[in-house]
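There are 2 protein chains.
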Amino acid sequence: MDSRDRRRAATVAEIKAAARRLLVSGGTAAVGLRAVARELGLTPPALYRYFPSHEALISALIAELYDELTAALMDLQSTDGEVDLGARLYLLANGLRDWGLAHPAEFALLFGTAVPSPDAEDHEETPGHQAAMRFGSVFKELVAQIWHWKPFPYPPDEVLGSELVAQLTRESEHFGGMPAGAIYLSLTYWTRLYGLICMEIFGQLHWVLPDAAAYFEAQLFEIGQALGLDCPAPE
Amino acid sequence: MDSRDRRRAATVAEIKAAARRLLVSGGTAAVGLRAVARELGLTPPALYRYFPSHEALISALIAELYDELTAALMDLQSTDGEVDLGARLYLLANGLRDWGLAHPAEFALLFGTAVPSPDAEDHEETPGHQAAMRFGSVFKELVAQIWHWKPFPYPPDEVLGSELVAQLTRESEHFGGMPAGAIYLSLTYWTRLYGLICMEIFGQLHWVLPDAAAYFEAQLFEIGQALGLDCPAPE
DNA sequence: AGCTTGAGTGAACAGCGTTAACTGTTAACG
DNA sequence: CGTTAACAGTTAACGCTGTTCACTCAAGCT
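Given below as structure tokens:
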């Protein structure tokens, strides 16, 4: 039972590898069930022995890519030692951008899939969603570490408004007990970083900036300053 | 020849209306060529008298939606008179968000289509792209007007770095001759606004903020301050 | 009236995701 | 060791998709 399970796991890995190959070569639309089967020299129904549907195959691929990205970002931090947590955040931001630029097709599959969430209130249990949560927690935990390492100045509650403060305070437990203003700054950092990278990779910055690297660097310096970090300034 | 052309234009409008109906009810995937034909009581090949392909139909729909959004934002500004240009920018930002929240399916079609631009260097001439340019110029022109109306303080070139300054200066003619630092601030405004709205509507802010309205308001106040505008502060 | 143009149809093709019934091979058990 | 059951994989088919071709039929213009 063990040898057969290993064989099965190997086949699953091959399927996902073939799917990824199609993804990088032809984009999201090219990774179809029949195309994957063709890539492996199999007939389409054979894949149903390993995935219950095409969507499940895509979801598994998404989960794998999320985990790969998460691992890449995590060991990108560990190599630098543990001296300056601010530098770790800088590495995380640049690492995320670099990964997206190096793997635009995979990035598009992970973050470009516009999900207007037509069905509300359903806590998605798909492996892709869970992997996305693990990915998000990397940033959350690092921010909480930075806060406890060197608390940064944050806007007072009066500036944010009572409604926002209430929502942010409700999330305080997930941010290591940080106050609302500090969570707000952290969220601002994430929001700007995420939006920036998405816009650059999806080409929505192209019409004004041919190469967004310098702009990204300046923005990173700006939002790093807001967290009281001494990021490397652009030359 | 005139009456027949009008009949044809009316049919084209009906086709796009049916496509939009399918879009709002079933999302991007639901607006297929056969589904549109079914909606109109026609056979699929009949649509090829009006659009050369399914993609062309979608592109025409995109162009129409862009123009509708552009018109909505423009007459949203004109109603308020021309006293405070800062208030106009505030109206524009909120108008864009409101439109996206009111029409999430259309918003996803316009901005959620992740295009990693596999083929570079081709100046797309599709009507959708042209309409997107018209949409973008609404923001660009308003920002230029604000600059000439009440120039805002901007970061000096040394902070931005020579490479970024060079790129921004190259775009100065499209921004009414604004200096690099001012273009940088304007671009920051647009980048943050755009990313913020996309993240909210695509549900990527849901895992931390159940209702992003208050966060959006605070962010809008923050980036408005960066442009020296006296936006309404959150209570 | 005659001819032309154009809207629309029906049949067909290739490709898609998916299901059902069937064939071998392979591991496990009495 | 021989039987059996599980499993990988195939073939055939269904309904769906975008697209093309050949055709009909009615309206418009000369």
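Respectively, the protein sequence lines represent chains A and B. Quick note, our numbering runs 967 ahead of the 1-based positions in the first sequence. Quick note, our numbering runs 967 ahead of the 1-based positions in the second sequence. Where a beta carbon is used, it is the ideal one built from N, C-alpha and C, also for glycine. As the structure is a prediction and not an experimental result, all values here were calculated from the model.
- How long is the line joining the alpha carbons of B:K1107 and B:K1117, rounded to whole angstroms? 15 Å
- Task: Could you say which of B:T978, B:W1174, B:V1003 lies nearest to A:R1137 if we only look at CA atoms?
- Result: B:W1174
- Please confirm if B:D1159 has its CB atom under 8 Å from at least one CB of chain A. With the sequence shown as reference, residue 1159 of chain B is identified as Arg, and Asp is not the correct amino acid for it. At least one chain A Cβ lies under 8 Å of B:R1159.
- Compile a chain-ordered list of the residues in the stretch 987-1017 of chain B whose CB is closer than 7 Å to at least one CB of chain A. G994
- Proximal residues of chain A, C-beta to C-beta of B:E1130 below 7 Å: A1181
- Looking only at C-alpha atoms, which of B:L1058, B:L1032, B:S1045, B:R1055 sits nearest to B:H1219? Residue 1219 of chain B lies beyond the residue range present for chain B, which begins at 968 and ends at 1202; the question has no answer from this structure.
- Message: For A:L1014 and A:A1002, which I take to be in contact (beta-carbon distance under 8 Å), what is that distance rounded to the nearest angstrom?
- Response: That belief does not hold up - the Cβ atoms of A:L1014 and A:A1002 are roughly 11 Å apart, past 8 Å.
- Is there at least one Cβ from chain A nearer than 8 Å to B:M1166's Cβ? yes
- Query: Looking at the structure shown, is B:M1166 part of a helix, part of a strand, or coil, going by DSSP?
  - Reply: helix
- Just the C-alpha distance for B:A1087 and B:A1039, rounded to the nearest angstrom, thanks. Any reading at B:A1087 is ruled out, since the residue's pLDDT is 49, under 50, leaving its predicted position unreliable.
- Three-state class that DSSP yields for A:T1046 in the structure shown: coil
- Query: Can the beta-carbon of B:A1060 be found closer than 8 Å to that of B:L1196?
  - Reply: no
- Query: If you count every other CB in all the chains shown that lies within 10 Å of the CB of B:M1145, and 16 or more means buried, which is it?
  - Reply: buried
- In this structure, does DSSP put B:A1111 in helix, strand or coil? helix
- Within 10 angstroms of the Cβ of A:Q1186, are there 16 or more other Cβ atoms? Answer buried if so, exposed if not. buried
- Would you mind stating whether B:I1168 and B:L1068 have Cβ atoms separated by less than 8 Å? yes
- For B:G1008, count neighbouring C-beta atoms within 10 Å of its own C-beta (all shown protein chains included) and say buried if the count is 16 or more, exposed if not. exposed
- Message: For chain A, check one thing: does any of its Cβ atoms lie closer than 8 Å to the Cβ of B:V1175?
- Response: yes
- Do you know how far the Cα of A:A1030 is from the Cα of A:Q1097? 8 Å
- In chain B, what lies closer than 8 Å to A:E1184 by C-beta? G1128, L1131
- Task: Would you give the residue range spanned by the alpha helix (DSSP H) that A:D969 belongs to?
- Result: 969-993
- Query: How would you write the range of the alpha helix (DSSP H) that A:D1124 sits in, first residue to last?
  - Reply: 1124-1127
- Query: Would B:E1108 count as contacting chain A if we go by Cβ distances under 8 Å?
  - Reply: no
- Item | Selection of the stretch 1023-1049 of chain B by Cβ proximity to chain A, strictly under 7 Å | none
- Message: Taking 6 Å as the limit between beta carbons, can you name the residues of its chain near B:V991, skipping five residues before and five after?
- Response: A1072
- Message: Does A:T1158 pass the burial test, meaning 16 or more other C-beta atoms within 10 Å, or should it be called exposed?
- Response: buried
- Cβ of A:A1054 within 8 Å of Cβ of A:L1024? no
- Task: Report buried or exposed for B:A977, applying the criterion of at least 16 other Cβ atoms within 10 angstroms of its Cβ.
- Result: exposed
- Item | Alpha carbon of A:L1154 to alpha carbon of B:L1109, nearest angstrom | 28 Å
- Item | Span separating the alpha-carbon of B:E1035 from that of A:R1016 | 48 Å
- Task: Show which residues of chain B have a CB atom less than 8 Å away from the CB atom of A:G1162.
- Result: T1158, R1159, Y1161, G1162, L1163, C1165, M1166
- Task: Whole angstroms is fine: what's the gap from B:V1126's alpha carbon to B:Q1134's?
- Result: 14 Å
- Item | Candidates A:E1091, A:Y1057, A:V998: closest to A:E1189 by CA position | A:Y1057
- By Cβ distance below 6 Å, which residues in the same chain neighbour A:Y1121 in space, the five residues on each side in sequence not counted? G1148, A1149, L1152
- Message: Using the three-state DSSP reduction, which class does A:P1177 fall into: helix, strand or coil?
- Response: coil
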